[in-house]
Every structure is written in C-alpha cells, then in structure tokens.
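Undergrad: Please read through the structure below; I'll follow up with questions.
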Amino acid sequence: MTDYTCSPFWEETKPSMFVIPSGLLTDEFAKKGIPRDKIIPLGIPVANKFKGKKDRPYARDSLSIPRDKAVFLCMGGS
1071 MTDYTCSPFW EETKPSMFVI PSGLLTDEFA KKGIPRDKII PLGIPVANKF KGKKDRPYAR
1131 DSLSIPRDKA VFLCMGGS
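Residue numbering for the sequence shown follows the working numbering, starting at 1071 and increasing by one per position.
Structure (structure tokens):
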C-alpha cells in the first residue's frame, strides 16, 4: 500500500502480508490489530529512471521554466 497512514478498514482485510511505505507506520498498523509479523516496511517503489540527480538547468530549460524564478510544487491525493 502507498498510503502514509493505516486507512480505515485495512485491519478487516485478510492479506497474507501488509507491505507498508515506512517502518514508522508499524506501530500504527499494529495498534489496529494487524499482527507485527505480517507488517513489512519496504518503502514505495521508484523506477530507476527517477533515481539520481538531474541537471537542474536542463530540466528548467526543457520545461520552459526561467532559471531565475522560484518553483513551488504542490501535490495532493486520496
């Protein structure tokens, strides 16, 4: 799962394992009654093409973002 919280009703499902995005969530899942031996914190998978440093000037130029302007990224989801 990719949520950074134990979403309602997850504890009512019966998967063989719960793969969670962070070990920091283990206690939260356990408090919902999920056995600790079924909680595996592996992180969120990221494709290799997104890993590593990118050249900022090239990225700005390719997206037509002026090099001297601030950039703010706002994200959300459900």
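Glycine included, every Cβ here is placed at the ideal spot set by N, Cα and C.
Mind checking which residues open and close the beta strand (DSSP E) that includes Pro-1127?
TA: Per DSSP, Pro-1127 belongs to no beta strand (DSSP E); it is in the alpha helix (DSSP H), 1126 to 1132.
Undergrad: With a threshold of 8 Å, are at least 3 pairs of Cβ atoms found where one atom belongs to the segment 1092 to 1106 and the other to the segment 1072 to 1083?
TA: Touching, yes.
Undergrad: Quick one: which unbroken beta strand (DSSP E) runs of 3-plus residues sit fully inside the segment 1081 to 1136? Chain order, please.
TA: Those beta strand (DSSP E) runs which fall completely within the segment 1081 to 1136 and span 3+ residues are 1088 to 1090, 1109 to 1111.
Undergrad: Going straight from the alpha carbon of Lys-1121 to that of Arg-1106, what length do you get?
TA: One C-alpha to the other measures close to 30 Å.
Undergrad: How should Cys-1076 be labelled, buried or exposed, when 16 other C-beta atoms within 10 angstroms of its C-beta is the threshold for buried?
TA: Buried, since its Cβ has 16 or more Cβ neighbours within 10 Å.
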